[in-house]
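A short worksheet on the structure shown next.
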Amino acid sequence: RRRRKKKREAARSEKVHGVHFPNFPIRSASWMGDSVHCSGKVLLTSRRKFFYAYDAAAGKVERYSSLPSGRGGPGGGGRTEKSLETMTCSPDGRTAAFGGDDGYVLLWDSRSRSSAGDVKTNGTVRAIAFDVEGGSRLAASGGD
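For the sequence shown, this note's numbering begins at 586 and goes up steadily by one.
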C-alpha cells in the first residue's frame with residue numbers, strides 16, 4: 586500500500602524548477618521576509634565566505650561577496666569572515682543576520698546590499714533569530 590500511495594503523491598506533485606549550487610553545501614536557508622513582506626528571494630549560506638540570493642519566482646541566482654565585519658583590521662577596514670554558516674532574515678526582509686567568527690553577528694542590508702554593522706556576543710554563534718512582532722530585536726545563541 587505504501588508504494589501505491591507514494592506513486593499517487595508523486596503524480597500530483599509538479600516540479601516547477603530546480604537550482605544547483607556547485608561546491609556549496611547549504612548550511613542555512615531563509616526566505617527574505619514573511620508571508621506579508623515576502624520578496625520571493627531565499628538567502629543561502631554555507632561554509633564559505635560568500636552567500637547566494639535565489640529569486641524563486643524569476644529563477645535567478647545572485648552571488649554576494651564576503652561580508653566584512655566592523656572590527657579592527659589593517660587600516661580599520663574590518664575583517665572578512667571565513668565562513669557564513671548560520672543566517673536568518675528579519676520578518677520585513679530588510680535585514681539578514683549572519684553568524685560570523687569569534688562570536689560576531691554580521692548584519693546585511695538587503696536594500697543597499699551591503700554590510701549594516703555587527704554585534705558581538707560572548708561565544709560562538711550557532712543560531713540566530715529575529716522577533717516575529719517587529720523584527721527589530723535579535724537573539725543569538727551558541728557555545729564557548
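For every residue, glycine included, the Cβ atom is placed at its ideal position computed from N, Cα and C.
Whole-angstrom distance between Glu-718 and Arg-633, CA atom to CA atom: For the purposes of this step, residue 633 is taken as the residue at position 48 of the sequence shown. For the purposes of this step, residue 718 is taken as the residue at position 133 of the sequence shown. For the pair Arg-633 and Glu-718, the Cα-to-Cα distance works out to about 31 Å.
Residues bridged to Thr-630 (per DSSP): Against the sequence shown, residue 630 aligns to sequence position 45. Paired residue(s): Ser-613.
9 Å Cβ cutoff met for Phe-715 and Pro-676: For the purposes of this step, residue 715 is taken as residue 130 along the sequence shown, with counting starting at 1. For the purposes of this step, residue 676 is taken as residue 91 along the sequence shown, with counting starting at 1. Cβ distance < 9 Å, so Phe-715 and Pro-676 count as in contact.
Of the residues Leu-652, Lys-626, Tyr-649, Thr-630, the one placed nearest Ala-643, counting alpha carbons only: The residue given as residue 643 occupies position 58 in the sequence shown. Nearest option by C-alpha distance: Lys-626.
Status (buried if at least 16 other CB within 10 Å, exposed otherwise) for Ile-713: As a position in the sequence shown, residue 713 is number 128, starting the count at 1. Counting the other Cβ atoms within 10 Å of the Cβ of Ile-713 gives 16 or more, which makes it buried.
Gly-727 in three-state terms, based on DSSP: Position 142 of the sequence shown, counted from the start, is the residue given in the question as residue 727. Three-state result, Gly-727: strand.
Element boundaries [beta strand (DSSP E), containing Lys-691]: Counting from one through the sequence shown, the residue named residue 691 turns up at place 106. Before going on, a small fix: residue 691 reads as Leu here, not Lys. Unbroken beta strand (DSSP E) run through Leu-691: 689-694.
Nearest-angstrom Cα separation, counted from Glu-599 out to Gly-727: Position 142 of the sequence shown, counting from 1, holds the residue named residue 727. Position 14 of the sequence shown, counting from 1, holds the residue named residue 599. Each residue's alpha carbon lies about 39 Å from the other.
Continuous beta strand (DSSP E) stretch holding Ser-697: start and end: If you number the sequence shown from 1, residue 697 lands on position 112. Unbroken run through Ser-697: none, as it is neither H nor E.
Secondary structure of Asp-686, DSSP reduced to three states: Here residue 686 refers to the residue found at position 101 of the sequence shown. Three-state DSSP puts Asp-686 in a helix.
Member of Ser-650, Leu-652, Ser-615, Glu-666 whose CA lies at the smallest distance from the CA of Ala-641: If you number the sequence shown from 1, residue 641 lands on position 56. The residue with the shortest Cα to Cα distance from Ala-641 is Ser-615.
Thr-706 in three-state terms, based on DSSP: For the purposes of this step, residue 706 is taken as residue 121 along the sequence shown, with counting starting at 1. Thr-706: coil per DSSP, three-state reduction.
Short Cβ contact (9 Å threshold) for Thr-630 with Ser-613: Counting from one through the sequence shown, the residue named residue 630 turns up at place 45. Counting from one through the sequence shown, the residue named residue 613 turns up at place 28. It is a contact, given that the beta carbons lie within the stated cut-off.
Span of the beta strand (DSSP E) around Arg-648: For the purposes of this step, residue 648 is identified with residue 63 of the sequence shown, where counting begins at 1. For Arg-648, the enclosing beta strand (DSSP E) begins and ends at 645-649.
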